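Let me begin by presenting the structure, written as structure tokens, before commenting on it.
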Amino acid sequence: MTERIEVIQGDITRQTVDAIVNAANTTLLGGGGVDGAIHAAAGPELLAACRTLEGCATGEAKITRGYRLSAPWVIHTVGPIWRGGGHDEDVLLARCYQNCFLLAVRHEITTIAFPAISTGVYRFPLERAAIIAVKETRRFLESRLAMRKVVFVCFNGATLDGYRKVLAERPQGKAS
Ligand code: AR6
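Residue 129 in my numbering sits at position 129 of the sequence shown, with consecutive numbering throughout.
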């Protein structure tokens with residue numbers, strides 16, 4: 001299973017996968033960070049498509065085409081804003097991954113790239129977010145053999161180090 005997880009440093013807009021995930025906000029109308037980069041690379045057709053979606057609640061996900069991206073699909077999800085950890089942030093972040101995977105199954109997506117959702121402007125602690133991302137991904141891959149590849153695209157070295165550390169740790173409850 002672990003061989004179907006990749007972690008790289010790079011720009012998610014350049015990934016050649018079936019779907020890239022966008023760390024959006026509830027309006028789905030664009031923003032800074034990875035959201036801004038995806039809209040810039042996909043072109044104005046993406047914003048036009050997003051306008052028809054009527055926003056997205058925190059923890060949910062919605063899908064559009066990728067337009068000028070090499071990825072044919074973009075899955076937009078809204079991570080929680082970190083407010084100290086006592087406001088269901090962990091559960092909401094886990095739901096982002098779960099809902100992205102549900103859409104991936106529905107659209108027969110077999111390769112998908114994620115940014116480190118919520119860990120930028122939304123200030124979710126990186127390692128804590130990476131633990132959730134890896135746990136949800138491993139759980140999904142166990143049940144879904146058709147998913148060939150999940151890529152964690154880290155924009156900087158600190159994010160890459162955080163993911164590598166978490167991926168090197170033994171999954172909880174596993175003997176080997
Ligand atoms: N490719 C991959 N990762 C990237 C890229 C890129 N091109 N650009 C940034 N990152 P953030 P959030 C990383 O702030 O915390 C937006 O304004 C970045 O280094 O993009 O979920 C939305 O509209 C960090 O590791 O998303 C929302 O308002 C990660 O992507 C808000 O920000 C997430 O950082 C969402 O905040």
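No residue lacks a Cβ here, since even glycine has one placed at the ideal position from N, Cα and C.
Please read these numbers as outputs of a predicted model, since none were measured by experiment.
Is residue i helix, strand or coil when you go by DSSP?
i           : result
residue 65  : strand
residue 71  : coil
residue 119 : coil
residue 140 : helix
Classify residue i: buried if its beta carbon has 16 or more other beta carbons within 10 angstroms, exposed otherwise.
i           : result
residue 111 : buried
residue 25  : buried
residue 18  : buried
residue 159 : buried
Whole angstroms is fine: what's the gap from residue i's alpha carbon to residue j's?
i           : j           : result
residue 91  : residue 84  : 13 Å
residue 130 : residue 52  : 31 Å
residue 81  : residue 148 : 30 Å
residue 32  : residue 70  : 21 Å
Report task. Identify every run of the beta strand (DSSP E) within the segment 74-115, keeping only runs that are complete inside it and at least 3 residues long; order them along the chain. Result -> 111-114
Query raised in the report: Which ranges would you report for the beta strand (DSSP E) in the segment 6-62 if only whole runs of at least 3 residues count?
Result: 19-24
**Report entry** Those runs of the alpha helix (DSSP H) which lie wholly inside the segment 146-172 and span at least 4 residues
**Finding:** 157-168
Query - the segment 94-108 touching the segment 34-47, judged by at least three CB pairs closer than 8 Å - result: no
Query raised in the report: Pairing CB atoms from the segment 61-73 with CB atoms from the segment 114-121, are three or more of them under 8 Å?
Result: no
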